[in-house]
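First to last, the sequence lines map onto chains R and V. According to our numbering, the first sequence is numbered sequentially starting from 17. According to our numbering, the second sequence is numbered sequentially starting from 17. Notes follow the structure.
There are 2 protein chains.
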Amino acid sequence: MTSIPAIFWLAPISSIFALGFAWYFYKKMLSLDEGTDIMKKIAKHVRDGAMAYLKQQYKVVAIVFLVITLIFSYLAYVLGVQNPWVPFAFLTGGFFSGLAGFFGMKTATYASARTANAARNSLNEGLRVAFRSGAVMGLVVVGLAMLDISLWYLVLNHFVEEPTAAQKLVVITTTMLTFGMGASTQALFARVGGGIYTKAADVGADLVGKVEAGIPEDDPRNPATIADNVGDNVGDVAGMGADLYESYAGSILATAALGAAAFYSFEGDMQLRAVLAPMLIAAVGIFLSIIGIFLVRTKEGASMRDLLKALGLGVNTSSVLIAILTFVVLYLLQLHNWLGFSFSVIIGLIAGIIIGQSTEYFTSHSYKPTRKIAESAQTGPATVIIAGIGVGMISTAIPVLTIALAIILAFLSAINFDVKHMLDAQNIQLGLYGIGIAAVGMLSTLGITLATDAYGPIADNAGGNAEMSHLGPEVRKKTDALDALGNTTAATGKGFAIGSAALTAMALLASYIEEIKIAMRHIGQTTLTLADGIAKNVEQLSIVDLMNYFQITLMNPNVLIGVFIGAMMAFLFSGITMNAVGRAAQKMVDEVRRQFREIPGILEGKGEPDYAQCVAISTKGAQREMMLPSLLAIAAPIITGILFGVAGVVGLLAGALGAGFVLAIFMANAGGAWDNAKKYIEEGNFGGKGSTAHKAAVIGDTVGDPFKDTSGPSLNILIKLMSMVSIVTAGVTISFHLL
Amino acid sequence: MTSIPAIFWLAPISSIFALGFAWYFYKKMLSLDEGTDIMKKIAKHVRDGAMAYLKQQYKVVAIVFLVITLIFSYLAYVLGVQNPWVPFAFLTGGFFSGLAGFFGMKTATYASARTANAARNSLNEGLRVAFRSGAVMGLVVVGLAMLDISLWYLVLNHFVEEPTAAQKLVVITTTMLTFGMGASTQALFARVGGGIYTKAADVGADLVGKVEAGIPEDDPRNPATIADNVGDNVGDVAGMGADLYESYAGSILATAALGAAAFYSFEGDMQLRAVLAPMLIAAVGIFLSIIGIFLVRTKEGASMRDLLKALGLGVNTSSVLIAILTFVVLYLLQLHNWLGFSFSVIIGLIAGIIIGQSTEYFTSHSYKPTRKIAESAQTGPATVIIAGIGVGMISTAIPVLTIALAIILAFLSAINFDVKHMLDAQNIQLGLYGIGIAAVGMLSTLGITLATDAYGPIADNAGGNAEMSHLGPEVRKKTDALDALGNTTAATGKGFAIGSAALTAMALLASYIEEIKIAMRHIGQTTLTLADGIAKNVEQLSIVDLMNYFQITLMNPNVLIGVFIGAMMAFLFSGITMNAVGRAAQKMVDEVRRQFREIPGILEGKGEPDYAQCVAISTKGAQREMMLPSLLAIAAPIITGILFGVAGVVGLLAGALGAGFVLAIFMANAGGAWDNAKKYIEEGNFGGKGSTAHKAAVIGDTVGDPFKDTSGPSLNILIKLMSMVSIVTAGVTISFHLL
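Structure, rendered in structure tokens:
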């Protein structure tokens, strides 16, 4: 057991702080009044529906986890091709990820009626309740992730036995990646299941309610309206929580693993410092996020502009402070080239902001692209769809170029801009670690950015509650304002989520190559004879040696086949989830139409709609449809590995990353732009509400729903999950291709 | 000057045969009666409009060609970083490609009224006229390509001077790739410009005519109807001709270049045989296509089933014969491992057929996927769009897996299944040549498959002519039957086009690496010091040496950045073309609405619509919008090369190939499925014509139009053009990164 430096304890302490403040905000929120009896009743309906769904989902996911854990145990204990800690790490990762989603949703479902009730008093009070409740989610996610990371580090540091300290750290960090796989698996189910649930309900409610019957959103006469509100919670809250837990933990873990590899041959305890660096940057980010959250306060009678400023103050202060404190932390850590790596953090932060700004430009109706989509609505639904797809595809350029630039700059900064030797083995590893550090930097303020992101669905649900409780249009107007504010901040949040996914996936790709070495040792391969005839000890293999040995070049047909299959996987996965939403939504449409037809007086508000039936349809649809795409994502890298070896897997991951990243941006932005084009028309442009243009725009928005809330965000997880699966099952691939 | 083996002359002779029979069919078609005066008048309208557009387009393209030629001349003669033949080869490639489109369109515009007139007598006569006219196009494309290839081979063989015969062949074959770039450039303009023209007119005509005014397709009261018919000719005929000319020539040229490289060190004249092999397979394919075309005859009173059988007999006979004769040709050629390469040809043929079958399954309304889309039309346009996108994305799986399998099998077959040594330098080169041979095999029967493909638009236009000439519904019904038949055979054609594009692009990727060596010599770099310190003569560098020297592995950040940008390019390009169609279509909608509003009595058939105005709008839209995407495709590889070097370019090409191939299949199949879902409803299902489901399906079809006829097919060319540009400008990249 290696001694643990004092500075490490910053990580678990930050976790305790995060969870403590989350608990504090949660309790304060619970102490507020939930409003009138009918508000309480409706909130309870939604809460019960959401909890019932989540329980059902966790049951299904638990079975999947059980099966995978058994397989991993077999691989680890019977075949011996896997690390013995893998099954446990996998389970905890999934458990904590699920917990993050669960706590977030519990908070959200308790907060919605309270937010509506607070908004009855003032906009400002509404903001405070919703934002602080969103902060619970943000802090729970970062707190649990840091707790999981700290605990596993302590456990593995205690138990893992290796000949040298350097080897031990490599084994510890790559083992910890396994709990990243657990988190990703759970997140994928949560995103896909929740995404199908919410969009089936939303699309169904909109198509019949808004388009056909002409009743407003969240109208209690619409039988799908409770399901719709439940959906917001299970999709946008629980799904997003699990998703970002996975992103956050994944970026820290992958970077730590790259640090252990890049600093393997360094003198003293430099390797340990490199492993701790991402955790410490994240820990500092947590403290700054808490400070930022407290900065978000407005005076009574604050305008919309003031609210936005208040949120901006919190987020920007955290970001600026982390940019400064990174230099301090890495300097105190005495990390090799600490200045260069500090710049990598800043590059990550700036890249996240640029992608957020670009998302904002392409999806907000303050700018030309979305207005053009709204304009094209005048010529009907077909031109709206064509325009939205066009804008979505074009909007991929800036994020991709930004990430490309961030990759090369973070890489070069990590090697002191030694361009001439950038492709030397040691420099490649340092550079890749720099890319990982940039991803950690991008996500370091997640505590507060997620708070501004998560409060959107809470405000949305508060609006639903207000509408169904007949609180009158003035309350609804206030919750709508909060919701709109959330949409603006959500754009930045999305930028960080997508950008960090790309960088983390790159880091995971590099970790996969590292894992190959450990996998070789597990199957008893201690030396490898390279092309020049020299036999090297497996531990001494550089990343360039491995690339050459497995010929992971773009002329190796196995690599190219992998690239093709990876790109295809992104499309196949999206297609399956799109179809799942389509199928479930169609059932919902049929059911709502049936109720309108058969229940007497329903549209006059006299007959009681059968909400439960709609909830049941969404639940059943989501449960049935989430299995295939999720299992496909887990199976693809394993099968590719068995058939096409290490080269095929790396090709698969690169292809999925390239195509999946671009496809994810396209789908998210097209969906966002359609949504806001509709809102722009609703504000009175091109004929306003009820015009032909509006009807066309509603169709665009409906198509965009599964784009932006089901398939698009799931792709981020897909890319990373496939990498994680490859890493964890590297032993299987290797034993098929080396033995 | 090297002596030319007698068997080479088979290539120019096949070309003369193809062009001769094309001339014969053309003359026979011209001798037929064009029908009534009004039929002649309308045909002349369409013909003049199409020719006027084509002239306008060629003028714009000529300027682009002039500029690029000047740049190439500067690079070749002033800077000396390029082969001196490049500017001429580039020009001829563009010229012949344009000529193929021009002849095809000329034939089609003369044939449409004659087909309609023949259909007045019998379905059978209509088929004969349309099919033989389609055959003109097929034979002109393969004939001109073979002529261009033969001539350039003779010219370069005469003039190129190199120290050894082996080096000479490498220079000849890579120089010939330049005319492939000319063909691709011309093809991209033709596809994008024609695609925007035709879809702007089509979408505009449909949206106002069919959906709003409720008048049928091709109704003379619709002002956009002439533009729509002109569009079919400039997009589906001229565009497709240029496109397939480029595919056909590109696959032969890339394979010849790979042959020259793979057989560089072989004894005797084996290298020459390897270079001739793809030309000879193609030449034999031409003869067999002509035989196949003559086999397509039906008896009087043949049923639809008989017609399909007749077409199938022609195509299948050609395919079976080429499969057999390939063995004979390669055996007589005494090509090294002739048996293995013959199997590569067959693998290519089979892969093409499987992809065609899969296209058929996902887009024909005889099968479940399209019927499900039709079913989802009952719940409105939004669910139709979601279902179509879902089906399109899922439909990418089979083609991608087929191509992956074809790649590995063609590769392994080329090296006698020596799996253990498949990644040795020599075997990689032989294997890549095998992949090229598979692409040539897939396209070898293009003469007849293109005939079955090109006759579709002719039948479509014949229908337009019949409708506008008031020939009555019975003639229209016959031309519709011919059109439907064309749709079925077109699916197979599309499979071959997409599949061969993927294989050819792979071959071009390998050719790029070869070209690097020649580029090095051009800038005076005669030796290269490899990683192990050994200096090698540039000519002796193997493909593995180059991969290692430039570190084209997936851990090189330049490669990964390239992959990202390549994937993004596919989306950006599609987005720009989608938006172009949307913009142009919107102008058309406004114009048609204006005419319906302002011209008195137009809908009662009393007022004369202003057809010319609609033609002008489409022309202007296409001209303006085609420049940006096309120039982007040319600029991207050059800029990437300058910034990120050889590694960046290879990454770019791999990323564009992976994402572009999948995106192309998605767009083509989604578009096809929407089209046929609409037709399925029109046949009386789910409420039939005029129902809500039908209206929703028409919107789906309209969205699908630019998917399947503008963006989708352009992507095939984009992928190859970027490869060609990289190859031709390799000297620029190298001089930035080696000097």
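Heads up, the beta-carbon is just placed ideally off N, CA and C, and yes, glycines get one too.
Among the options, the one whose alpha carbon lies nearest that of residue i
i: V/Y74; options: V/L115, V/A34, V/F104 and V/N332; result: V/L115
i: V/R610; options: V/K695, V/G598, V/P625 and V/T412; result: V/P625
i: R/N140; options: R/V491, R/T726, R/Y627 and R/R613; result: R/V491
i: R/Y482; options: R/S31, R/K56, R/L524 and R/S19; result: Checking the sequence shown, residue 482 of chain R turns out to be Ala, not Tyr. Comparing Cα positions, the closest option is R/K56.
i: V/Y169; options: V/P21, V/K315 and V/Y90; result: V/P21
i: R/M594; options: R/P722, R/K43 and R/L669; result: R/P722
i: R/S138; options: R/T314, R/P397, R/A455 and R/A403; result: R/T314
i: R/R207; options: R/Y261, R/N353 and R/A367; result: R/Y261
i: V/K694; options: V/T718, V/F682, V/G598 and V/D64; result: V/T718
i: V/V575; options: V/K533, V/L546 and V/V665; result: V/V665
i: R/F433; options: R/S382, R/N477 and R/N353; result: R/N353
i: R/L459; options: R/G447, R/A216, R/A513 and R/I451; result: R/A513
i: R/N477; options: R/A66, R/K43, R/Y42 and R/F41; result: R/A66
i: V/L546; options: V/D561, V/G540, V/I539 and V/M536; result: V/D561
i: R/A393; options: V/I697, V/K44, V/Q602 and V/T543; result: V/Q602
Proximity of residue i and residue j at Cβ, strictly below 8 Å
i: R/L324; j: R/L501; result: yes
i: V/F205; j: V/S646; result: yes
i: R/L70; j: R/V291; result: no
i: R/A127; j: R/L498; result: no
i: V/M7; j: V/I29; result: It is not possible to answer for residue 7 of chain V, since the shown part of chain V is limited to 17 through 755.
i: R/L288; j: R/L185; result: yes
i: R/I735; j: R/G676; result: yes
i: V/V407; j: V/A709; result: no
i: V/A272; j: V/T189; result: yes
i: R/V456; j: V/F580; result: no
For residue j and residue i, the rounded distance between their alpha carbons
i: R/A651; j: V/A221; result: 47 Å
i: R/F24; j: R/H174; result: 15 Å
i: R/L304; j: R/V331; result: 9 Å
i: R/M643; j: R/D244; result: 22 Å
i: R/V744; j: R/Q98; result: 8 Å
i: R/W690; j: R/G720; result: 6 Å
i: V/T418; j: R/D235; result: 50 Å
i: V/I362; j: V/A454; result: 7 Å
i: R/G16; j: V/A181; result: Only positions 17 to 755 of chain R appear in this structure, which leaves residue 16 of chain R out of reach.
i: V/V224; j: R/A199; result: 51 Å
i: R/A217; j: R/K636; result: 12 Å
i: R/L425; j: R/Y347; result: 20 Å
i: V/F118; j: V/M409; result: 34 Å
Bridge partner(s) assigned by DSSP for residue i
i: R/L544; result: R/K552
i: V/T314; result: DSSP lists no partner for V/T314.
i: V/T569; result: R/T569
Inter-stretch contact at 8 Å, needing at least 3 Cβ pairs: the stretch 126–134 of chain R / the stretch 43–53 of chain R: Proximity of the stretch 126–134 of chain R to the stretch 43–53 of chain R meets the contact definition, three or more beta-carbon pairs being nearer than 8 Å.
Inter-stretch contact (C-beta, 8 Å, three-pair minimum) for the stretch 335–342 of chain R and the stretch 371–389 of chain R: Between the stretch 335–342 of chain R and the stretch 371–389 of chain R there are fewer than three C-beta pairs closer than 8 Å, too few to call the two in contact.
The stretch 32–41 of chain R / the stretch 149–169 of chain R touching (three or more Cβ pairs under 8 Å): The stretch 32–41 of chain R, when compared against the stretch 149–169 of chain R, does touch it at the 8 Å Cβ threshold.
Cβ contact check for the stretch 527–539 of chain V and the stretch 190–197 of chain V: 3 or more pairs under 8 Å: At 8 Å Cβ cutoff, the stretches touch.
Touch test, the stretch 430–448 of chain V against the stretch 462–469 of chain V, Cβ-Cβ under 8 Å, three pairs minimum: In short, these stretches do not touch, since the Cβ pair count stays below three.
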